[in-house]
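J.:
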Amino acid sequence: MWTFCSAIHRKMSVILSNNALNVCSTNISSSFCLNNKKDVDFMMESLQDLEHFFASRRTLGIKPGLERLDYLLEKVNHPQKSIPTIHIAGTNGKGSTLTYLKEVLMEGGYTVGTFQSPGLPTILDHMAINNRTITAQEFIDILHPLLPIIEEMDQQNLAPSEYEILMIITLLFLQDNIDIAVIEAAMGGREDITNRVEPLVTIITSIGFDHTSFLGNTLKDIAAHKAGIIKEKVPIISGDLVDEALQVVKEEASKQSAPLYLYGQQFWIEEIDRNHFHWNNGTKYYVMDLSMKGRHQIMNVSLAIQALHLLQDNGFKIDDIAVKRGLSQAKLPNRMEIIKEHPKIIADGAHNVQSVNKLVETIQEESIEGRVKVLFSAFRDKEITVMLKELAKLTDEIIVTTFDHPRVLSEEEVPEHIVYIEYARQALNKLLATSNPNDLILITGSLHFVDYAKKLVQK
1 MWTFCSAIHR KMSVILSNNA LNVCSTNISS SFCLNNKKDV DFMMESLQDL EHFFASRRTL
61 GIKPGLERLD YLLEKVNHPQ KSIPTIHIAG TNGKGSTLTY LKEVLMEGGY TVGTFQSPGL
121 PTILDHMAIN NRTITAQEFI DILHPLLPII EEMDQQNLAP SEYEILMIIT LLFLQDNIDI
181 AVIEAAMGGR EDITNRVEPL VTIITSIGFD HTSFLGNTLK DIAAHKAGII KEKVPIISGD
241 LVDEALQVVK EEASKQSAPL YLYGQQFWIE EIDRNHFHWN NGTKYYVMDL SMKGRHQIMN
301 VSLAIQALHL LQDNGFKIDD IAVKRGLSQA KLPNRMEIIK EHPKIIADGA HNVQSVNKLV
361 ETIQEESIEG RVKVLFSAFR DKEITVMLKE LAKLTDEIIV TTFDHPRVLS EEEVPEHIVY
421 IEYARQALNK LLATSNPNDL ILITGSLHFV DYAKKLVQK
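Just so you know, we're using full-length UniProt numbering here: the sequence shown kicks off at 1 and counts up by one.
#1: Mind reading off the beta-carbon distance from serine 377 to serine 446? Whole number of angstroms is fine, and I expect it under 8 angstroms.
#2: Could you spell out the range, first to last residue, of the alpha helix (DSSP H) harbouring serine 328?
#3: Consult DSSP for alanine 258 and reduce its assignment to one of helix, strand or coil.
#4: For residue 472, does the three-state DSSP call read helix, strand or coil?
#5: Find the nearest neighbour of isoleucine 272 within the set Tyr286, Leu105 and Gln265, judged by alpha-carbon distance.
#6: Tell me which residues share the same chain as glutamate 361 and place their Cβ nearer than 7 angstroms to its Cβ, disregarding the 5 neighbours each side in the sequence.
#7: Rounded C-beta distance between leucine 327 and valine 301? I'm assuming under 8 angstroms.
#8: Please go through the same chain and pick out, in chain order, the residues whose beta-carbon is closer than 6 angstroms to the beta-carbon of residue 460, but skip the five residues on each side of it.
#9: For my contact list, asparagine 195 and glycine 228 are in at a C-beta cut-off of 8 angstroms; report their separation, rounded to the angstrom.
#10: Nearest to lysine 220 by CA position, among Leu290, Val248, Ser206 and Leu359, is which residue?
#11: By how many angstroms is the C-alpha of alanine 224 removed from the C-alpha of isoleucine 305?
#12: Just to confirm, are isoleucine 183 and tyrosine 110 a CB contact at a threshold of 8 angstroms?
#13: Tell me whether glutamate 162 sits in a helix, a strand or coil according to DSSP, three-state version.
#14: Can you tell me whether DSSP reads glutamate 152 as helix, strand or coil?
#15: Which ranges would you report for the alpha helix (DSSP H) in the UniProt domain "Mur ligase C-terminal" (334-446) if only whole runs of at least 4 residues count?
#16: In this structure, does DSSP put proline 79 in helix, strand or coil?
#17: Quick one: any contact between the region 202-210 and the region 128-144, if contact means 3 or more CB pairs under 8 angstroms?
#18: Looking only at its own chain, which residues have a Cβ that is under 6 angstroms from the Cβ of glycine 113, when we skip the five neighbours before and after it?
#19: So what does tyrosine 286 bridge to, in DSSP terms?
#20: Taking the C-alpha atoms as reference points, what is the distance between aspartate 240 and threonine 218?
#21: Compute the Euclidean distance between the alpha carbons of leucine 50 and isoleucine 384, then round it to the nearest angstrom.
#22: How close, in whole Å, do the beta carbons of valine 457 and leucine 428 come, if the pair is a contact with beta carbons under 8 angstroms?
#23: Considering alanine 128, what are the terminal residues of the alpha helix (DSSP H) in which it resides?
#24: Report the rounded CA-to-CA distance for threonine 444 versus asparagine 438, giving the unit in angstroms.
#25: Identify the continuous beta strand (DSSP E) that holds aspartate 273 and give its terminal residues.
#26: Using a threshold of 8 angstroms, state whether the C-beta atoms of glutamate 162 and arginine 58 are closer than that.
#27: Could you tell me if proline 160 is buried or exposed, where buried requires 16 or more neighbouring beta carbons within 10 angstroms of its beta carbon?
#28: Please tell me whether serine 435 and lysine 373 are closer than 8 angstroms, where the distance is taken between their beta carbons.
#29: Nearest-angstrom Cα distance between leucine 124 and leucine 260?
#30: Would you mind reading off the limits of the beta strand (DSSP E) that contains phenylalanine 115?
#31: Take glutamine 265 as the anchor and find which of Ser254, Leu303 and Lys233 has the nearest alpha-carbon.
#32: Bridge partners for valine 201 per DSSP, in chain order?
#33: Only counting the same chain, and skipping five residues up and downstream in sequence, which positions put a Cβ closer than 6 angstroms to that of glycine 108?
#34: Relative to the C-alpha of methionine 167, which candidate in Lys331, Asp70 and His276 has its C-alpha closest?
#35: For the candidate residues Met336, His87, Glu191 and Gly349, whose alpha-carbon lies nearest to that of proline 121?
#36: Taking the beta strand (DSSP E) that alanine 181 falls in, what are its first and last residues?
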């Protein structure tokens, strides 16, 4: 395991002007060390180097509070203040809602920056402009002048975490290069790394049980975290929430004098069939096609359309053609993603009970001639037994496996009646060997696992 040694070999100056960060040095190298204290010097110049650096920050864990982020923002002159933003929080549906918004805004001719939350293949995949992820070189160019600041914070016992640094790099990458950003909260909302953006619109997609060790064990506690993204007089759009969570959102919106738009009240959906629907807010009416599978996507689409409607109050012009085209072509990896045929293999990152429930409903609506089989793995802090019980509504052919992550479940977390195979390659081969061409293999659980298993399928 690498750890950051905080040494910079050449003098570097950072000029902050016009809300931009300018690097005034070249060939800057940083020093890293192994746990045995043997120094290793190298230029940070590749994705692998970046992964080593962020692995060292990962050991710091998740820290509550925004004081470290505020310190970094002050040092780089608050780039978030010049970025028009849509801010999205929620237990599930954030990624899909972000994708719908991004695609429609791009169809409308806007340059759109995005930040997506954990569970992505590499650190570069968290940030993009018009679907182009940041390159390793762009990332390094932004990171290098931050290293002295990080060193300074380490020495002051303010060591910034992996995701706090990622957020700063995202803001600097997007600043002055986009028309609007769509930012997805990583966890919760009130103390989340994204909660210093200055949004035009905020969205809470859903509230359910997830990350309970950080957010609390009741829906009221979790809702209090999510509702923390609500800002003074900034419109807040909410999905269909249970009463306990909805009351918290209503109270926070009232406290902040934030106009509240509730699904089913200020806007609603009239379904035509599984893939076509009417969106209505009493004055505007859309007939839409659903591009991503699952009835839960109706909610995500409706939230996105309401946000687009409110953006018009801020000077954004999006015609009906852009809305229709953007929504119809929106796709998101690991959401009912077909990665192979005969047998069909679907990858879906249903990583908590609520998302597994929606996944099961979606699969049950599919026309499947053969058998359904499931390959599953997740983090040990999830409700493993409940998730497997829900998946058992689809089939009794479930294999639980593992992947390379310190939080991955172990055999002890798996109910005795469920098959456990430690190595995912072996588990996948077993399912493939016993499958017919018309069967369906569902790979699901943690997004980290789904990405890993997809690579096994594609090899």
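Heads up, the beta-carbon is just placed ideally off N, CA and C, and yes, glycines get one too. Only a predicted model underlies this, so the values are computations on that prediction, with no experimental measurement involved.
T.: The short version:
#1: 6 angstroms
#2: 320-329
#3: coil
#4: The structure shown has nothing for residue 472, since the chain only spans 1 to 459.
#5: Tyr286
#6: Arg295
#7: 6 angstroms
#8: For the chain, the structure presents residues 1 to 459; residue 460 sits outside this window and is missing.
#9: 6 angstroms
#10: Val248
#11: 25 angstroms
#12: no
#13: helix
#14: helix
#15: 353-365, 384-391 and 424-433
#16: helix
#17: no
#18: Ile129, Leu174, Ile178 and Ala181
#19: Trp279
#20: 17 angstroms
#21: 33 angstroms
#22: 7 angstroms
#23: Note, alanine 128: premise wrong, no alpha helix (DSSP H); beta strand (DSSP E) at 127-129.
#24: 19 angstroms
#25: 268-273
#26: yes
#27: buried
#28: yes
#29: 34 angstroms
#30: 112-115
#31: Leu303
#32: Ile86
#33: Ile318 and Ala322
#34: Asp70
#35: Gly349
#36: 180-184
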